[in-house]
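Reading through the structure tokens given below for one structure.
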Amino acid sequence: MPLQIIRQDITKIECDAIVNAANESLLGGGGVDGAIHRAAGPELLEECRTLGGCRTGEAKLTGGYRLPCRYVIHTVGPVWRGGGYGERELLASCYRSSLELAAEHHCESVAFPLISAGAYGYPKDQAIRVAVSVIGEFLMESDMLVYLVVFGRDDFSIGKKLFTDIVCFIDDHYAAAHTDPLEEQRRRTQCYEATMHPCGAAMPPPPAAKARRGVALPHLRRKKKDAALPQASQADAALPDLSDYVGQIDESFSTMLLRKIDERGMTDVQCYKKANIDRKLFSKIRSDVHYKPSKPTVLAFAIALELSLPETLDMLMKAGFTLSHSSKFDLIIEYFIRQGNYDIFEINEALFAFDQSLLGG
Ligand code: ADP
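If you read the sequence shown in my numbering, its first letter stands for residue 17, the second for the next number, and so on.
As structure tokens, this is what we get:
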């Protein structure tokens with residue numbers, strides 16, 4: 017997954033480069049800077065002395081010494097002075113300059129702390145938004161694995177309003193699902209109906225699928241097989257023989273995904289980048305008609321394709337999954353889809369805040 021939000025000590029992360037939230041002198045300080053210098057050993061300070069400092073918003077690179085990374089990229093975040101002094105642009109520039117420096121040095125993986133969000137006082141939720149948006153933009157153009165490392169539980173707080181809304185949504189549905197069997201039964205029936213009728217009358221008809229260009233793989237012929245399997249209520253006698261029955265197999269997840277990409281007029285790259293899925297995983301899915309994705313992967317594509325709830329359930333069903341009101345993870349996804357909010361990074365922020373696994377590869 018190209019952007020991962022993780023909770024860890026950055027000095028322990030094995031990757032090509034870690035980023036240090038330094039000060040302009042580059043001669044060490046407190047917080048993450050102190051931790052990095054302690055773990056790297058005195059040679060890091062020796063090299064930093066040769067660099068002549070670093071201006072706010074810029075970045076400089078040194079070796080990693082005793083750290084489990086090749087490089088340390090030192091960047092200087094802005095001190096928060098209320099938001100009216102160009103803090104956002106300077107902070108964005110820290111992330112951009114560090115990523116550019118990492119790319120120049122052929123780094124495939126980079127870990128960032130939340131720059132400026134400690135002693136420099138940048139409000140944490142805003143600092144995360146800036147980080148996620150600049151890293152997300154960068155990853156649309158480049159292939160790199162980027163970790164955004166949050167240290168304490170307090171480091172990570174999604175906007176209060178969004179958080180409260182999600183808590184209410186979970187309380188309304190999750191609690192009821194666990195305390196009221198009738199309610200749960202009703203919901204399950206609804207869920208089942210939604211699953212069985214993914215193209216209900218209320219939904220706009222999908223635009224006609226465009227033929228894919230230059231793809232030779234046979235399964236990529238996007239022919240939608242709409243034939244539903246016979247319903248369980250039909251008498252056994254009405255069933256065709258087994259090979260005919262199996263012959264009615266519906267389109268696979270892989271085929272459906274590629275068809276939806278075409279219907280949405282997206283390119284494959286746009287879709288997997290938007291889904292926060294890496295290129296290799298997408299290639300596997302594309303070349304294996306029977307590929308069995310994980311549930312977070314299916315949902316990442318559903319979000320990237322901006323599928324409605326019934327369409328999402330349909331896509332999940334292709335891979336053998338559904339959404340349940342007995343799972344916080346599922347409720348959070350459902351919440352965002354119902355809101356029409358398909359920002360995968362915002363969804364991942366929320367999942368992270370609720371201690372759930374994230375979407376993506
Ligand atoms: P700044 O001066 O840029 O605010 P700080 O080091 O004070 O830098 O804090 C930046 C962020 O790094 C804070 O969110 C803090 O919680 C986090 N942090 C501190 N130590 C570590 C560590 N060892 N690993 C990852 N993050 C850390």
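Using N, Cα and C, we set each Cβ at its ideal position, and we do this for glycine too.
Give me the pocket residues for the ligand ADP, defined as CB within less than 6 Å of any heavy atom, sorted by chain position.
This criterion selects D25, I26, T27, A37, G47, V48, D49, A51, G93, P129, L130, I131, S132, A133, G134, A135, Y136, V165, F167, G168, D171.
Kindly list the residues whose CB is nearer than 6 Å to the CB of A217, restricted to its own chain and excluding five residues on each side of it in sequence; keep chain order.
Walking along the sequence shown from the start, residue 217 turns up at place 201. Bear in mind that the predicted position of A217 carries a pLDDT of just 39, short of 50, making it unreliable; the figure below should be weighed with that in mind. Same-chain partners within the cutoff: there are none.
With a 10 Å radius around its C-beta and 16 neighbouring C-beta atoms as the bar for buried, classify I265 as buried or exposed.
As a working mapping, residue 265 is identified with position 249 in the sequence shown. Exposed, since its Cβ has fewer than 16 Cβ neighbours within 10 Å.
Tell me H90's beta-bridge partners as DSSP assigns them.
Mapped onto the sequence shown, residue 90 falls at position 74. The partner list for H90 (beta bridge, DSSP) reads N36, K76.
Close-in-space but distant-in-sequence residues of the same chain around S113 (CB under 8 Å, 5 per side omitted)
Start at 1 with the first residue of the sequence shown, and residue 113 comes out as number 97. Take S113, set aside five residues on each side of it, and the residues of its chain with a beta-carbon closer than 8 Å to its own are G73, E74, A75, T91, in chain order.
Quick test of the definition: if touching needs 3 or more C-beta pairs under 8 Å, does the stretch 142-150 touch the stretch 39-49?
The stretch 142-150, when compared against the stretch 39-49, does not touch it at the 8 Å Cβ threshold.
Cβ-Cβ distance between M331 and F269 below 8 Å:
The count along the sequence shown starts at 1 and reaches residue 331 at position 315. The count along the sequence shown starts at 1 and reaches residue 269 at position 253. Contact flag set, yes.
Taking the CB atoms as reference points, tell me whether L375 and P312 lie closer together than 8 Å.
Counted from its first residue, the sequence shown places residue 375 at position 359. Counted from its first residue, the sequence shown places residue 312 at position 296. A contact, by the Cβ cut-off of 8 Å.
Taking the alpha-carbon positions, what's the H53 to I22 distance?
On the sequence shown, residue 53 is found 37 positions in, with the first residue counted as 1. On the sequence shown, residue 22 is found 6 positions in, with the first residue counted as 1. It is roughly 21 Å from the alpha-carbon of H53 to the alpha-carbon of I22.
Local conformation of L161 per DSSP, three classes:
The sequence position of residue 161 within the sequence shown is 145, counting from 1. Looking at L161 - three-state DSSP - the assignment turns out to be strand.
Could you tell me the distance, in whole angstroms, from the CA atom of W96 to the CA atom of E105?
For this step, residue 96 is matched to residue 80 along the sequence shown. For this step, residue 105 is matched to residue 89 along the sequence shown. The alpha-carbon separation between W96 and E105 amounts to approximately 12 Å.
Tell me, to the nearest whole angstrom, how far the beta carbon of S41 is from that of G69; I am working on the premise that it is less than 8 Å.
Taking the first residue of the sequence shown as position 1, residue 41 is located at position 25. Taking the first residue of the sequence shown as position 1, residue 69 is located at position 53. Correct: roughly 6 Å between the Cβ atoms.
Expressed to the nearest angstrom, what Euclidean distance is found between the alpha-carbon atoms of S158 and C184?
Walking along the sequence shown from the start, residue 158 turns up at place 142. Walking along the sequence shown from the start, residue 184 turns up at place 168. Between S158 and C184, the C-alpha separation is close to 38 Å.
Would you list the one or two residues that DSSP bridges to Q20?
What you label residue 20 is simply residue 4 of the sequence shown in a count that begins at 1. BP columns for Q20 point to Y163.
Taking T27 and L117 to be in contact with their CB atoms under 8 Å, please state how far apart those CB atoms are, rounded to whole angstroms.
Translated into positions along the sequence shown, residue 27 becomes position 11. Translated into positions along the sequence shown, residue 117 becomes position 101. That belief does not hold up - the Cβ atoms of T27 and L117 are roughly 19 Å apart, past 8 Å.
Close beta carbons around L339, own chain, < 6 Å, minus the five adjacent residues each side:
Counting from one through the sequence shown, the residue named residue 339 turns up at place 323. Contacts found: D346, E350.
Of the choices I89, P18, E63, whose alpha-carbon is the least far from that of A37?
Counted from its first residue, the sequence shown places residue 37 at position 21. Nearest of I89, P18, E63 to A37, Cα basis: I89.
Which residues does DSSP pair with S125 in a beta bridge?
Walking along the sequence shown from the start, residue 125 turns up at place 109. Paired residue(s): L161.
Would you report the Cα separation of E362 and G50, rounded to the nearest angstrom?
Walking along the sequence shown from the start, residue 362 turns up at place 346. Walking along the sequence shown from the start, residue 50 turns up at place 34. Rounded to whole angstroms, E362 to G50 spans 31 Å at the Cα level.
Could you check how far apart the C-beta atoms of A127 and C31 are, in whole angstroms? I think they sit under 8 Å.
Locating residue 127 in the sequence shown gives position 111, counting from the first residue. Locating residue 31 in the sequence shown gives position 15, counting from the first residue. Right, the Cβ-Cβ distance comes to about 5 Å (below 8 Å), so this counts as a contact.
Can the beta-carbon of I301 be found closer than 8 Å to that of P309?
By 1-based counting over the sequence shown, the position of residue 301 is 285. By 1-based counting over the sequence shown, the position of residue 309 is 293. The beta carbons of I301 and P309 sit closer together than 8 Å.
Would you identify the three-state DSSP class for E209, choosing helix, strand or coil?
Along the sequence shown, one-based indexing puts residue 209 at 193. Residue placement at E209 is flagged as unreliable, the pLDDT there being 48, under the threshold of 50; a coordinate-derived value is accordingly withheld.
D278: buried (16+ other C-beta within 10 angstroms of its C-beta) or exposed?
Along the sequence shown, one-based indexing puts residue 278 at 262. When all chains shown are included, D278 counts as buried.
What residue ranges within the stretch 323-369 form continuous alpha helix (DSSP H) runs of no fewer than 4 residues, ordered along the chain?
Listed in chain order, the complete alpha helix (DSSP H) runs (minimum 4 residues) inside the stretch 323-369 are 325-334, 344-355, 360-369.
Going by alpha carbons, who is nearest to F352 out of L325, M333, L329?
What you label residue 352 is simply residue 336 of the sequence shown in a count that begins at 1. For the options L325, M333, L329, the alpha carbon positioned closest to that of F352 is the one of L325.
Three-state secondary structure assigned by DSSP to C110:
Position 94 of the sequence shown, counted from the start, is the residue given in the question as residue 110. In the structure shown, C110 sits in a helix (DSSP, three-state: H, G or I).
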